[in-house]
Every structure is written in C-alpha cells, then in structure tokens.
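Protein chains in written order, with the numbering used here: chain A, 1258 to 1704; chain B, 114 to 600.
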C-alpha cells in the first residue's frame, strides 16, 4: 500500500465513485477497516518474529428495496485496480440479489449524520521500541508482543453519510517469567510512549516476579475467599458478553446465560452496575449500517436487568429501536461501576484467601444456569491477614455468576482499571473495558 | 471476480522480480481466498455474503535477522515497498533473534484438494433451497426457539516463491477447496435451554459438493431438532466417578486440547507463554513418556484425502508426510516445523502454518488423528457397568500448561449394566491430560472412525485462527470424574 495515501480521502473517493455507478434505486452501504501495524514478538527477551502488516478491507451491502447482498474485497491502494475490483463485486452482488427474497429484517440508517474522530499518537520507531523493550528484559525471561501503528474504521453510504474513526496506538503485552507457569503479566498501551511510565510498569512486574520466588503451594478443591483483580473480572464478564448476556437476540431466543434473570426473577448483587460505555471507550461510535451509538447503554443496574444491546436486524425482528450495536450484540466498551473497597487496600479487604491476578480459558459448565468454569493463571497468591504467603499452583473454578457477581460479591474496588483488548485476530481490536476488582466471599474450586 | 491470481504468469513474474537475490533467503507467499457465506435462520434467509481476500507476505532472512512484511498492494511498487520493509526488519533484528538459521530449502511442488462433485451441480439458488429445506426440518415445535442452517464454501489458492543469494529458487502451488456445513436447533422451556448442533462445526473438510453427502448433511436436521427437544425433559447428567465413552465428535476436542496443543514444540520452547500458554510436556519426555495406555496411537497425517488440514507442504515449504506422534501409548514426536525442530533438537513434523497472508507461520496442528482399534461401539457399551456416552462438544476449558481440563457436551446417554438407558442433559467431565489418556480402556474400530475437523483454533501473537483436522473412533475411558448441570 502506498503509505502516502490518506485513507479517509481514499475511502470517501472510492465510495463516491461507486455511488455514481449505482443502478436505479440502489443504496450502497460501505465500511472500511484497516491498519498499518508494526509488530515484534519476543521470547526469552529475543525476537521470535517481527514485521509490518499493511491492510485495508472494504465491505459493502448493495440494497434494492428490501433485497440485498453483501461482500468484501481488500483494497490495494492502486485506484484503477480497486475500482475494477469493486465494480466486479457489485456486479456479482446484483446477480446474486436476483435470487434472494425480500429481507424483512433489513434496517439501515437513512438519516445521514457524519462524524470524524482522529486520535494521533506519538509512537516510537521500531528499532527504538525494540531496544527499549529488550533493555527492560535484560537479565529476565521476557515473552510477549509489541504492536503499534494506525488503525482506522470508516462508514459511508450512497445517501451521503460519512463516519471516520482513526487512532495511532501501541500495545505491549508481556510477561516476566520466573519458571514453568509462574509469571507476572503486564500491559503497557496508549497513544504516546513514555519511558517513565514504562519503567514503572517494568518495576511493578519485577516486584511481582520477586513475590513468585517463594515455594508455590497446591490448594485442595473447595471454597475460598477470593479477590478477583480487574483482569480476572474481565475473563468472567467477557464470557457472559460473548454468549449474549447483554444482547437482544440471545434474550429473545432464551440463549442468554442470564436466563434465570429473565424468567425466574434471579438478580445479581445490588452493588453491580454494568453499561456499554461508548463515550469512554476506544472503539468507533458508529456501526456497519450507519447507526451511531449512544454514549452509554445501561445493561445491569444495581443487579437488575436494564437494557440490551440491539443490532439493526434485531430491531426489525423484535420491533424495538436499535441502539447501534454490532451484529454480535456484545459490549465493545464495557464498564462496571466502581464500588467502595479502597483499591490500595484490597489485600486487607481480602484478608485470608486467594488473590487472583488473572483467569484463563473461561467457558460454561451449564450455560442456562450461568455456571462457568476456568483456570487461574500467572500470578495467583495465597494471602493470610493481607500478606502474601505463597504463590498458588493453577486451580480450576466452577461456579455461577449468581454467586460470583451476586450473593457472594462482598465489594468492588473504588477504582476501575482501563483494560485495552490485546486481541489481533484478523486485525487489531479496538475493544476495551473499564472494570474494578471484586472481593468474593467464597468461590468454588474443583480441580 | 473470477480472475485467479495464481493462474497469472504476469503476477508470478512480478513476485520473482521483486524478490531479492542478495539475501540469505527470501520468500513471497500469495494467498488468494474466495468465500461464500449462506445462512438461513428461523426459515429466513440471511444476507448472502461473498468475501474476496488477497494479499502477499514477504519474508526475508539476512545476516541473522528475520523480517516480515504483509501487504494488500500487489503492484510492483507495492510489493517492492513490502520487500524493503521486510529487509529493514531483518536488519534491526540481526543479533537479537531466538534463532539465526535461515532456511535452505527451495522446494517445488503442487497440491490440489480432491473435488468429486463441483459446485456447478448445485448452483446458488439450489444451495439456498437446500438450506431452507433443512431449516424447515429444524423448526418443528414451538419449544424450538432458534434454529438455523448454514453453508460456507471457501476456496484458497496459495503460491510460495523463494529466492536466495545462492541463486536457488522454489515454487509451491497449493489450491484448497473447503466446505463448512452446519445445523443448529435451540429448545427452551422455562429456565432450561438446550442446543443440539450438527457436529458443532466438526463436520467440515476439503472437497466439493460431495462433502455434504459425506457427512450426511441432508439427513441430520430431524435428529438434531428431536434431540434438542428430548434434552428438555432429560434428567441432568449424574455426578460421580464412572466410565466415559466419548463419541468421535467429542474425541476431536479431547485430542485437540490435550494431545495436540501440549505437543506443539513452540509451546514447549516458550513462544506462546504470554498468550496461548506453555505445555506440561518437556523435551526429555520424547521417546519414553507413557502418554496414554498402550491402546493409544496418534498420527499426524496431512495425506488423508478430504480432511480439513491435508496439504503437500507447510508454509515454510517442508514436504508433509504421515508420522506417528504417539505409538502404543509412548510419546515419540512433537508438533513442530523446521524452525522449532532446529531450535529444540526434537523430532517434529511439517506443521509450520499461517492462517492467512497477513500472519507469519507458527507451529499448528494439521490433521491429528487417533487410529482405530478393534472393538465395536456395541462391545464398548456392553463392557460398561455405569457410565455416560458423551456426544458433541459445547464447552472447553484447559489450563495454560494443557493439563487440567474440563469439557462439556451437548448430549449424553446414561449407560447402566451394558445398555443405554436414556438421554441426559448438560454432561461434562474433567481430568488431567498427563494421566487422562492412561485411562483409555477401549478404542472402537473403523466403523465409528470419523474424519472431521474444526475451523477455529486460536493461537499466536499476532493472533491466528486456523482449521485443524481430527479423526477418531469412539473411545472409552475408565474412572472419569463426570458431572451434570445445576439442579
């Protein structure tokens, strides 16, 4: 890709040209997403793989009345080639459209509202980043991934709407390993690389590794008082999210893991308030059919269901208004309201029990009952009277959210941590979460 | 959208023109992919979606450094820019790499998925009607609240060309044709929701329209719907230590998670410790470790016709061949490509694979199969005094060393005194990989041996999602911790 191309202008221009070639009453919806990412993958503080990914994907939906078909191509940046590819795709979609019936659930925004949000960053050159990271890992077993560069998403339609979201970010997701599976996990992400902030992160990790040097203990299955740090909370609530806990379609089809709240009057803790907090997230505030997202959608308020995330298709199917959700209807900027446990005194709040820094590989034991399972990972400690006694070998939990976020939730920390999603499946994620830690009176461990 | 880049000599010449001949090793890997997504939900056709994905990954080894650069710009200027970027990375990583040994092979070869029945015989309107028919067979009762049928076709053409300063060059052309059919029915009554699927996306493979018949796609919908309804009134799976008979569509998950991932050499070398995890398997175990009972034979077999991850070469250009990983219960070989073998000194296989043009290859499972035994399924059932027959995975969780696991299934059948006595809902079991396979007490014969795959194996940083093939007969495990759902 020609890096001198302005991606926003290019997208606008290519959609404008395609619009002029539409036939009859056709409507074109177009989305673009792309990135120019430098990545460095490290193991034992040496480089395993490093390089650059340069990609742009154009996705279109070609509509006539209530009939429509969709498709996507990669953009090359060579205008002639991209125009030809798009024209060929649109011709194919027209041909396919002859074979499909009206889609009663088709809904797209017909009231154009254009927006633009560009977050410029200050990112180090790759050689500088590599040197800084390896310097921090000198004498240590550093393993992880550094990814940095521009990501962007755009929406345009033939009705004249244009939305653009672009940011320059970096994300260093790494561990210092002590031995075997004992490690301190950390994340440094943002728009501007700051040596001082990075040094503080490295120092925190070094202290965690030091704590792991004590001989680990193995705990028997049973119930333990537990503190779930924000990253561990993320694993619990992400599982619920991905399986439709906050989505309209999963509610209507009774597939939500929070089914008992729908039909049996079950409630979560009154301390728990969850929202889709788009205003404070780092994701685009528009979606693929051109609808804008409200700043906030309350999902759970003081333990009771509030609203669900409603995609345009669900809005049509179930006769409600859309709130700009994606087709998956899961939060992209989830926030849990902080509680009253002083963040600086969680050890004291826990007292004697398990301090769980991270959970891993959560899934359901019984989805309809919201019974979940998963493993502890990285730094998990046994605490007594607020002091670290020993690292704990990995444990499997199996418990319901109605306990963990319900009757056994003693308190949430008074500060929520911003957690940027490190996922890079296909492209770099712009999801995030803002979560506090949680003190749970008893959590069930089974293996 | 019919021009195939892999058939363009002009484009191949362009790749060869831009590839440098003054470095230790260079390659260009073109991936040109076309995917059609068809789906009917609750008898309503969802939008037809066609995906065209094309890009090139440039790889350069030079002076002990390694650089990648992936681009969608396929012009000569765009590819030249990508080459320069990869060269830049090779320069700045020189002296900092975990391994400095550049590849030396420049293989030449081809692979084409076996296709017996082309899709021309089942045009788009017929494919849509097929899905509508299946959908109508799924939505048979008011208690079935959600249902759907889908069909994904995916054609992937891959061309790898290589060069080096020694003047050598190579060329690998592989053309894959994938098919992913699926069915799903969800039944609900009060606080009980149960879902049955057609194999949980396990019934996927290479080929043409004949893949649908191979898996019995046209005959499965009524069974799927009726079993979802049956589960609404079925009791919870009993809890306790008992025998567990795993059907092939659960075995593939068991193989995948507790044999496949632990044997990946890049995990053992530590590459994945920040994300997908490490392994309880250590280098000294190879050649002597009793992984399972002597009934356990596991092969890496990329030569099975029509299996999801069959190929002739991996993405580093290593020729692929069938190898035993576990023989008579003993661990003999790991899952690691040429780079991991060189780093670890351990025997491996040709499994260095990338999920697309925009990711570098890493160690992945390909076709990982449990070889059939000589008992019939009926004989295995007859041998069980108290146990559960578990079908179709729906939940998977395992620790980061791939040891402590807990898996759940859609559908269970309670076995008492050698006979199936009824369905049970929410069946699950847990165990520890390092000892679980030693409790393997029966392996069914070729009659139940089913060739399947899973399209969604996640791993790697940058993250990669790739398809893996698994084949297995039903297998019996003794004295397993089994459990059901909430009462």
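No residue lacks a Cβ here, since even glycine has one placed at the ideal position from N, Cα and C. All figures in this text were calculated on a predicted structure; none of them were measured in a lab.
Query, Result
"Rounded separation between residue 1442 of chain A and residue 580 of chain B - CA only", "29 angstroms"
"Segment contact flag, the segment 122-133 of chain B with the segment 1523-1535 of chain A, C-beta cutoff 8 angstroms, min 3 pairs", "no"
"Below-8 angstroms beta-carbon distance, residue 166 of chain B vs any chain A residue", "yes"
"Short CB-CB distance (under 8 angstroms) between residue 585 of chain B and chain A", "no"
"CB contact check: residue 1470 of chain A to chain B, cutoff 8 angstroms", "no"
"Residue 1258 of chain A at chain B interface by Cβ criterion, 8 angstroms", "Any answer about residue 1258 of chain A is weak, because its pLDDT of 42 lies below 50 and its placement is not dependable; what the coordinates show is given next. Yes, because at least one Cβ of chain B sits closer than 8 angstroms to the Cβ of residue 1258 of chain A."
"N- and C-terminal bounds of the beta strand (DSSP E) containing residue 518 of chain B", "517-529"
"Unbroken beta strand (DSSP E) run spanning residue 1481 of chain A, endpoints", "1479-1485"
"Min CB distance residue 218 of chain B to chain A below 8 angstroms", "no"
"Continuous alpha helix (DSSP H) stretch holding residue 569 of chain B: start and end", "Unbroken run through residue 569 of chain B is the beta strand (DSSP E), 563-572; no alpha helix (DSSP H)."
"Residue from A:1572, A:1686, A:1657 and A:1304 whose Cα sits closest to the Cα of residue 1702 of chain A", "A:1657"
"Alpha carbon of residue 277 of chain B to alpha carbon of residue 413 of chain B, nearest angstrom", "31 angstroms"
"Segment contact flag, the segment 1326-1343 of chain A with the segment 173-188 of chain B, C-beta cutoff 8 angstroms, min 3 pairs", "yes"
"Buried versus exposed call for residue 1461 of chain A [16 or more other C-beta atoms within 10 Å across all chains shown]", "exposed"
"C-beta neighbour in chain B for residue 1311 of chain A, strict 8 angstroms", "yes"
"Spatially closest choice to residue 144 of chain B from B:152, B:252, B:272 and B:262, by CA coordinates", "B:272"
"C-alpha gap between residue 1536 of chain A and residue 366 of chain B, whole angstroms", "40 angstroms"
"Buried versus exposed, by CB contacts within 10 Å (16 or more), residue 179 of chain B", "buried"
"Residue 361 of chain B - DSSP class collapsed to helix/strand/coil", "helix"
"Proximal chain B residues relative to residue 1520 of chain A, where beta-carbon distance stays under 8 angstroms", "303 and 304"
"Spatial neighbours of residue 398 of chain B in its chain, beta-carbon cut-off 6 angstroms, leaving aside the 5 residues before and after", "444"
"Candidates B:403, B:527 and B:568, of which the one nearest residue 347 of chain B by Cα", "B:527"
"Rounded separation between residue 215 of chain B and residue 455 of chain B - CA only", "11 angstroms"
"Proximal residues, the segment 170-188 of chain B versus chain A, C-beta separation under 9 angstroms", "170, 171, 172, 178, 179, 180, 181, 182, 183, 184, 185, 186, 187 and 188"
"Chain B contact for residue 1402 of chain A (CB, 8 angstroms cutoff)", "yes"
"Bridge-paired residues (DSSP) for residue 1629 of chain A", "A:1621 and A:1656"
"CB contact below 8 angstroms: residue 1577 of chain A versus chain C", "Within the model displayed, chain C is absent; protein chains A and B are what it includes."
"Reference residue 1639 of chain A; option with closest CA among A:1452, A:1474 and A:1364", "A:1474"
"Interface residues of the segment 354-377 of chain B facing chain A [CB-CB below 8 angstroms]", "none"
"Residue 1607 of chain A versus residue 1484 of chain A: straight-line alpha-carbon distance, rounded", "6 angstroms"
"Chain B contact for residue 1618 of chain A (CB, 8 angstroms cutoff)", "yes"
"Cβ-Cβ distance between residue 578 of chain B and residue 1682 of chain A below 8 angstroms", "yes"
"Short Cβ contact (8 angstroms threshold) for residue 1734 of chain A with residue 1449 of chain A", "Any property of residue 1734 of chain A remains undetermined from this structure, which presents chain A solely from 1258 to 1704."
"CB-CB length for residue 1514 of chain A against residue 1654 of chain A, believed under 8 angstroms", "Going by Cβ atoms, the distance from residue 1514 of chain A to residue 1654 of chain A rounds to 16 angstroms, so no, they are not a contact pair."
"Residues sharing a beta bridge with residue 502 of chain B, DSSP", "B:358 and B:526"
"Beta carbon of residue 1544 of chain A nearer than 8 angstroms to that of residue 1581 of chain A", "yes"
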